[in-house]
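In terms of the numbering used here, the sequence shown opens at residue 183 and continues consecutively. Remarks on the structure that follows.
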Amino acid sequence: MIYLDYNATTPLLPEVQEEMLRVASIAVGNPGSRHAAGRKSRQLLEEARETVARILGATPDEVVFTSGGTEATNLALHGMRGTRNGHIILPPAEHPATSEVVMNMAGCTPHVVPLDSQGLVKAESLHVAPWDSAVLATLLLAHNETGVVQDVSLLRELCVQRHVPWHLDAVQAVGKIGVNFRELGCTTMAVGAHKFYGPRGIGALLIRQGVELTPSLRGGGQERGVRPGTEPVMLAAGMAKALQISDENRVTREEYLRTLRDRLESRLTSAIPNVVVNCEEATRLPNTLSIAFPGCVADALLVALDLAGLCVSVGSACASGSTKPSPILEAIGVSAEVAKSTVRISVGIQTTAEEIDRAVEIMRTVVNRLRNS
């Protein structure tokens, strides 16, 4: 099997597993308990928080551990909105963790800022958004399907001028490109550990100092009262370890991933006629390729590739099972033929050049068969 779906999730690194087992063996107490066992667990939890904060450009008290990126975004959007009604400014085709929350906020109206053909927010449309009635804005730093990385500078500037809080979904970006909470200037930021070879079931919401969120959950004062419940010390330690390894190897990882992705892209476009690379002119995550094979149906292609031993995806794993056209491809104006034949291929640090070459051969064979059937 060749796994090329690293944007959906990544395998747990052995070093991370070792750290989690180590912490599990000594963190026997509840971090909220005052006895020695509780204090030890609290120490380990805060060490993990300090590591996450340092690497992401935050202070420890700005880091709230959550169950993952989806919960972090939910807590941020509901928490910043509070009881206020008005417009929520966002692009089309955000991750379902954002779009479904915004669509279901009674009393708030989504204001969708269009994208250009490369998946970037149109600056002129952002300028004329209804800022006077905006209660918050939200944006994906790097799109999970296309890999397009947004320039947040204009959104940051407008939000500061209009005193509008804004959330940044950095789940897909962290671990692939440099992400600094302080430099980005957002009010809140979501992170998920399983996207950078950490454990599933743990993430973080970074909340700027001085910002108070209306809690969505009740039942305890843990995690600044934003996310009550006994803290998962072992998972937090695993997340911190994975992030530390990612940070220490970020430059070499980026170069390696980009080399593999570019090799895959160039060989696919050479080996298979009539191939379309989506958003190829934009700045993209170094590991991500959104590519269409007109004449094929993506769902059928996905199944055929799976049977041939190649794991890729059709869009976001969080929206798997949907038969609707990809919202992001509709938003950037690609044709229906391209949209329905697009798959997402995402490489990882365990991917080899030999696997890339084998994947190209598998895809060439499968695409030709489907086109001729």
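We treat Cβ as the ideally placed atom computed from N, Cα and C, and that holds for glycine.
Asked	Found
Buried or exposed (CB count within 10 angstroms, at least 16 for buried), K304	exposed
Residue(s) in a DSSP beta bridge with C290	G268
Cutoff 7 Å; reference K222; Cβ partners in own chain excluding five residues on either side	I208, A209, G211
Separation of R432 from T191, as counted between CA atoms	18 Å
Contacts around H217, its chain only, beta-carbon distance under 7 Å, and the 5 residues preceding and following it disregarded	G211
Local Cβ density within 10 Å of H309, reported as buried at 16 or more and exposed below that	exposed
Neighbourhood of G329 by C-beta distance below 7 Å, restricted to the same chain and skipping five residues each side	R466, L467, T470, S472
G268 and S315 closer than 8 Å at C-beta	yes
Sub-8 Å separation of V245 and L399 beta-carbons	no
Which of helix, strand or coil DSSP assigns to T248	strand
S299 burial status per 10 Å Cβ neighbour count (16 or more: buried)	exposed
Option in L350, S523, Q354, L439 with minimal Cα separation from M262	L350
Any 3 or more C-beta pairs closer than 8 Å across the stretch 353-373 and the stretch 227-244	yes
Short Cβ contact (8 Å threshold) for A375 with M421	yes
Enclosing beta strand (DSSP E) for S315 [first to last residue]	Unbroken run through S315: none, as it is neither H nor E.
Beta-carbon proximity list for D187, same chain, < 7 Å, skipping 5 on both sides	C493, V494, S495, S528
Host beta strand (DSSP E) of C473 (start-end)	Checking the sequence, you will find Ile at residue 473 rather than Cys. It spans 470-474 - the beta strand (DSSP E) in which I473 sits, taken as one unbroken run.
Sequence-distant residues of its chain with Cβ nearer than 7 Å to L450 (five each side left out)	V457, I473, V542, M545
Buried/exposed call for K377, threshold 16 Cβ in 10 Å	buried
Within 8 Å, strictly: CB atoms of V372 and A258	In the sequence as displayed, the identity of residue 372 is Ala instead of Val. Contact flag set, yes.
R466 (DSSP reduced to helix, strand or coil)	strand
Rounded distance between the beta-carbons of K522 and V479, thought under 8 Å	6 Å
Neighbourhood of T252 by C-beta, 6 Å cutoff - its chain only, sequence neighbours within 5 removed	A279
Pick from K423, S335, S448 that is closest to A235, judged by C-alpha positions	K423
Inter-residue spacing [alpha-carbon to alpha-carbon] between Q199 and G407	29 Å
Counted within 10 angstroms of its Cβ, other Cβ atoms place V205 as buried (16 or more) or exposed	buried
Selection from I237, V516, G383 that minimises the alpha carbon distance to E462	V516
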